[in-house]
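Numbering (the working numbering), first residue to last: 1 to 888. Backbone N, C-alpha and C define an ideal beta-carbon position, used for all residues, glycine too.
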Amino acid sequence: MKSIRRTVITSGRMATRSIRVDMAKNGDFGTAVMTFEQAAARLAGGFSRGIDNDTLSGAIHEILPATDLGELNAIKVLPGMTSATAETLHKVWRSGLNLQARTEEHPRIAAMAALEQAVIAKLPSGMLRPCDLVERAISRIVHAPAVLGSIEIVGQTEMSPCWRPLLLALTRHIAITWQAGPRHAPEWLDATGVKIIRTAPTSPALTSVSAATALHEVVEAIRWARKLVASGRAKPSEIAIAAASPSDYDDHMLTLRSDANLDIRFVHGTSAIATRDGQAAAALADILSRGLGQARLRRLASLCRETGLFAGLPEGWLRILPEDAPLSSPTAWARFLAQLKADAWPDGADHAPQLGAIIRTLGGGLHRAEEIGREILPKSALRVWLKAMENGPAVAIPITLNGIRIDDSAQAPAAIAWMPASALSASPRPFVRLLGLTSRAWPRLASEDRLLPDHIIHSTQIDPLPIGIADRRDFETILATTRSEIVLSRPRRDGEGRMLGKSPLLHGVPGEDIYLRRNSTPAHAMSEVDRLAARIDEFITTPLAVSAKACWIDWHTSEITPHDGLVRADHPTLDFVLARNQSATSLRKLLRDPLGFVWRYGLGLKSPRMGTEPLTLDNRGFGEILHATLDGAVKRLEAEGGLASATSEQVHVAISAAAQEVASQFEATQAVPPPAIWMRTLEDMRNLATVAIRPQDEDPLPGQKSYAEVPFARVDHNASSLMPWDPTRPVRIPSVGFLISGFIDRLDLAGDHSVARVSDYKTGKPPKGGEQFIINGGKELQRCLYAFAVKVLLGDEVEVEAVLRYPRSGRTIALENADTALSEVAGYLATARDNLKSGRALPGPDTADQYNDLLFALPANSKNGYQPRKQVASTTLLGPAAAVWEAL
Numbered sequence: 001m002k003s004i005r006r007t008v009i010t011s012g013r014m015a016t017r018s019i020r021v022d023m024a025k026n027g028d029f030g031t032a033v034m035t036f037e038q039a040a041a042r043l044a045g046g047f048s049r050g051i052d053n054d055t056l057s058g059a060i061h062e063i064l065p066a067t068d069l070g071e072l073n074a075i076k077v078l079p080g081m082t083s084a085t086a087e088t089l090h091k092v093w094r095s096g097l098n099l100q101a102r103t104e105e106h107p108r109i110a111a112m113a114a115l116e117q118a119v120i121a122k123l124p125s126g127m128l129r130p131c132d133l134v135e136r137a138i139s140r141i142v143h144a145p146a147v148l149g150s151i152e153i154v155g156q157t158e159m160s161p162c163w164r165p166l167l168l169a170l171t172r173h174i175a176i177t178w179q180a181g182p183r184h185a186p187e188w189l190d191a192t193g194v195k196i197i198r199t200a201p202t203s204p205a206l207t208s209v210s211a212a213t214a215l216h217e218v219v220e221a222i223r224w225a226r227k228l229v230a231s232g233r234a235k236p237s238e239i240a241i242a243a244a245s246p247s248d249y250d251d252h253m254l255t256l257r258s259d260a261n262l263d264i265r266f267v268h269g270t271s272a273i274a275t276r277d278g279q280a281a282a283a284l285a286d287i288l289s290r291g292l293g294q295a296r297l298r299r300l301a302s303l304c305r306e307t308g309l310f311a312g313l314p315e316g317w318l319r320i321l322p323e324d325a326p327l328s329s330p331t332a333w334a335r336f337l338a339q340l341k342a343d344a345w346p347d348g349a350d351h352a353p354q355l356g357a358i359i360r361t362l363g364g365g366l367h368r369a370e371e372i373g374r375e376i377l378p379k380s381a382l383r384v385w386l387k388a389m390e391n392g393p394a395v396a397i398p399i400t401l402n403g404i405r406i407d408d409s410a411q412a413p414a415a416i417a418w419m420p421a422s423a424l425s426a427s428p429r430p431f432v433r434l435l436g437l438t439s440r441a442w443p444r445l446a447s448e449d450r451l452l453p454d455h456i457i458h459s460t461q462i463d464p465l466p467i468g469i470a471d472r473r474d475f476e477t478i479l480a481t482t483r484s485e486i487v488l489s490r491p492r493r494d495g496e497g498r499m500l501g502k503s504p505l506l507h508g509v510p511g512e513d514i515y516l517r518r519n520s521t522p523a524h525a526m527s528e529v530d531r532l533a534a535r536i537d538e539f540i541t542t543p544l545a546v547s548a549k550a551c552w553i554d555w556h557t558s559e560i561t562p563h564d565g566l567v568r569a570d571h572p573t574l575d576f577v578l579a580r581n582q583s584a585t586s587l588r589k590l591l592r593d594p595l596g597f598v599w600r601y602g603l604g605l606k607s608p609r610m611g612t613e614p615l616t617l618d619n620r621g622f623g624e625i626l627h628a629t630l631d632g633a634v635k636r637l638e639a640e641g642g643l644a645s646a647t648s649e650q651v652h653v654a655i656s657a658a659a660q661e662v663a664s665q666f667e668a669t670q671a672v673p674p675p676a677i678w679m680r681t682l683e684d685m686r687n688l689a690t691v692a693i694r695p696q697d698e699d700p701l702p703g704q705k706s707y708a709e710v711p712f713a714r715v716d717h718n719a720s721s722l723m724p725w726d727p728t729r730p731v732r733i734p735s736v737g738f739l740i741s742g743f744i745d746r747l748d749l750a751g752d753h754s755v756a757r758v759s760d761y762k763t764g765k766p767p768k769g770g771e772q773f774i775i776n777g778g779k780e781l782q783r784c785l786y787a788f789a790v791k792v793l794l795g796d797e798v799e800v801e802a803v804l805r806y807p808r809s810g811r812t813i814a815l816e817n818a819d820t821a822l823s824e825v826a827g828y829l830a831t832a833r834d835n836l837k838s839g840r841a842l843p844g845p846d847t848a849d850q851y852n853d854l855l856f857a858l859p860a861n862s863k864n865g866y867q868p869r870k871q872v873a874s875t876t877l878l879g880p881a882a883a884v885w886e887a888l
């Protein structure tokens, strides 16, 4: 081994890297920088090394199930047991306790001693406990001058008892200097003969501030750091932001670091969940622990593209998944995959077998978690997955993943450092901001060890430096070693609004707190957004602010403005939306909600449709099932001799068969309620279908032929002998010019084509206020439009009966004079079309309706605010077209 002239001993990864960087800058060669544990391993030789936490956790994870822990057996497979055991063993080893010699004192000590023995046997050869390293190093102490040279201990205020015997032995062979500086030096050091070098404490500018919340603290800290760098007062490597427990602030710091675009390094590591690999592992854990669903599969697939079992699936394959279906069970996935065709995939090839293999793998359960992780996750995410599995049972992976951290400190010496106060006390910087100085957070309260509490081994033995004393000592060290500036920050309230007390460490700090308001104008902005928010005069000139302000003002005036739907006349979008094929639904929207008509059909806006499992089926879903069931039942009965002549038993069998088929298809593509409610819903639907398919108060037509879901003016349907007409033939409303298309729920046609009965089914309640209506304020256009379509397609000589059927209430509402009704509707449609071409796409009575899918695009509580405020002006501008809202 090559001799070195000097060894610098420090504590922690950050201090080691900082000292190495400084030495490299100064050209100081021939000096080794390491921790005391590394120095002991170097002197021990023979490839000796200390026990790192990852290896220890892996060994504990393997031996825990097979090791008898006595009274701890009941909890040894629970989440956190691995980390608790590793923490306890580290404490025992650092304190120099010999568990093997104290097994008679308590059964818990005996259990931990047995566990320690099992762990030691599982560790790799050469990986030794601190006491074993010390024993081996002392046996080779004569080589210390060549192996270590002189030793200089820097940045420490304490040394664990396990290392003190080796330190004492080294003083007899090499020169050892303890660079205490202004720090606390332990009392036991005086009897060792180690040379202690003390210096006077620094005198930094000291400022105490109070922020609104922890989030506000982080905002102010980043503003402060940016100001130091921008002003040239400090380099990033000279700035540190610290807290006694930085994990309380990590989420805020991580988010605002990206917003500020500053290189802020997490010395203690970032959460694995904040990385793509961690999110991939979390997505897999979500599926295995909570079940397979479409939303969860989408998340996993987006994070594991072109890796594992997902490799080979074409780009954009997720588009084949139905939006409304949760697909939350293997059965639902099997039904969906069975109806997939090759032309449904983006590349035209059938990948259903590969997707099926993925679904089967993900359905394997948590007992196959490790195997599934290897098949699904990329290598980098798999490392996170396996590490999480070491910290607890598979069922706890969603919890243990939160405790995995990724090292972010490699570039920390050259960047702004976000670190624990303990790391800062060992590696001081000229400009420091300390966060979280509240009575709860700094100093922290000491707690008993989780596995060896005070009634078994007193905490002063297992933890000679309690966390509360360590926090106080770190605070004092930071004050004494920071050269230029320290800002002491505390939040006034916690995340739930409770008042927080001031840390007792601040009681001796001179001066009063500077009260920082959350909405105050910062002296130096944190980010672009922060800068614009601080400069109101500049922000209000940006296009976004100008538009937002104008929209807000326009929404709160009673006049109609461009933000209410006034657009340029003859706009190409308006021409496009008027020229498209219209349906009864779109024409209703044109009459009762012109603004929504343009949004939906002109701009293509639609509300997000989440495939979550509902508690009950909504009206739209129930209507879809009923219509599909009636369609299937009518086709079955017509194929078996005709609906009109079918017996009650035949009708019942046809409806049951159709309902079963429709339910299977619906379950594969739509969200359904829980099984008990779903079965009751299907039973209700079958009863309604029985009433609707053949009303008792209506006689069949002579030689009746029945059709269901009959398409007209649909270019996506081909003509066949099973249809009463050519479904591609266009249908145009005279005097208006609108092309209409759609599906007629039910068409009964007499044998000689002299009479046609058009039925439209409604699953809701009939309108109130009278037995008869024609268009009901523009809400019911189907009867007259479908009657007109039948006359166009079958000839004017056919007599058309158009009815609305409400099977739930047993009501049937017939249209008395279809020609007159169509003429009236055509007049309203012509006026509405002219209004739209003139640029008046204004709100109507359905704009603020609670069932409007686009309600999210309107001001909040629009039914009670925006709609009444604009109603008079909108009605005036729409003129005669608004009269349809009051039509019978």
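Rounded to whole angstroms, the separation of the alpha carbons of Ala381 and Thr438 is 37 Å. Looking from the CA of Val634, the closest CA among Ala663, Ala689, Gln582, Phe666 belongs to Ala689. Annotation: the continuous alpha helix (DSSP H) that includes Val218 extends over 214-231. The continuous beta strand (DSSP E) containing Gln179 extends over residues 176-181.
In the three-state reduction of the DSSP assignment, Pro130 falls in the helix class. By the Cβ criterion, the segment 122-142 is in contact with the segment 82-97, since at least three pairs of Cβ atoms, one from each stretch, lie closer than 8 Å. Fewer than three pairs of CB atoms, one per stretch, sit closer than 8 Å, so the segment 782-801 makes no contact with the segment 837-851.
For Leu452, the closest of Ala59, Leu643, Ile109 by C-alpha to C-alpha distance is Ile109. When DSSP states are grouped into helix, strand and coil, Val755 belongs to the strand group. By the beta-carbon neighbour count (other beta carbons within 10 angstroms, threshold 16), Glu799 is exposed. Annotation: the continuous beta strand (DSSP E) that includes Asp748 extends over 742-749. By the Cβ neighbour-count rule, Val33 is buried, with 16 or more other Cβ atoms within 10 Å of its own. Lys863 sits away from Ala882, with the two beta carbons spaced by 8 Å or more. A direct Cα-to-Cα measurement between Ala394 and Leu366 gives close to 6 Å. Straight-line spacing of the CA atoms in Ile740 and Leu590 works out to 13 Å. Closest in C-alpha terms to Ala342, from the list Ile467, Ala332, Gln354, comes Gln354. Ranked by Cα distance from Gly621, the first of Arg136, Ala671, Ala584, Gln582 is Ala671. When secondary structure is reduced to three states using DSSP, Met419 falls in the strand class.
Exclusion of the five residues before and after Phe743 leaves Glu709, Val710, Pro711 as the residues of its chain whose Cβ lies within less than 7 Å of its Cβ. Nearest in C-alpha terms to Leu603, of all of Gly403, Glu158, Val577, is Val577. For Ser706, the enclosing beta strand (DSSP E) starts and ends at 705-712. Taking 8 Å as the upper bound for CB-CB distance, Ser735 and Ala830 are in contact here, some 7 Å apart.
One alpha carbon belongs to Glu238, the other to Ile141, and they sit about 39 Å apart.
Secondary structure note for Glu152: it is in no alpha helix (DSSP H), and the uninterrupted beta strand (DSSP E) holding it is 150-154.
Minimum Cα-Cα distance from Thr460 among the listed residues Phe336, Arg472, Ala446, Gly751 corresponds to Ala446. By the Cβ-count criterion, Val529 is exposed, with fewer than 16 other Cβ atoms from all chains shown falling within 10 Å of its own Cβ.
A straight-line Cα-Cα distance of about 35 Å links Asp474 and Gln279. Within the segment 453-499, the complete beta strand (DSSP E) segments at least 3 residues long are 485-491, listed from N- to C-terminus.
Using a Cβ distance threshold of 8 Å, Leu749 and Lys705 count as a contacting pair. Here DSSP, grouped into helix, strand and coil, assigns Gln582 to strand. With contacts defined as CB atoms closer than 8 Å, Glu538 and His184 fail to qualify as a contacting pair.
The segment 208-220 makes contact with the segment 240-249; the number of CB pairs closer than 8 Å reaches 3 or more.
Excluding residues up to 5 positions away in sequence, Asp259, Ala260 lie with their Cβ nearer than 6 Å to the Cβ of Ser527 in the same chain.
With respect to the 8 Å criterion, Trp385 and Gly403 are not classified as neighbours on the basis of their beta carbons.
The three-state secondary structure of Ser271, taken from DSSP, is strand. Within the same chain, Pro767 come within 7 Å of Asn776 by CB-CB distance, once the 5 residues on both sides are set aside.
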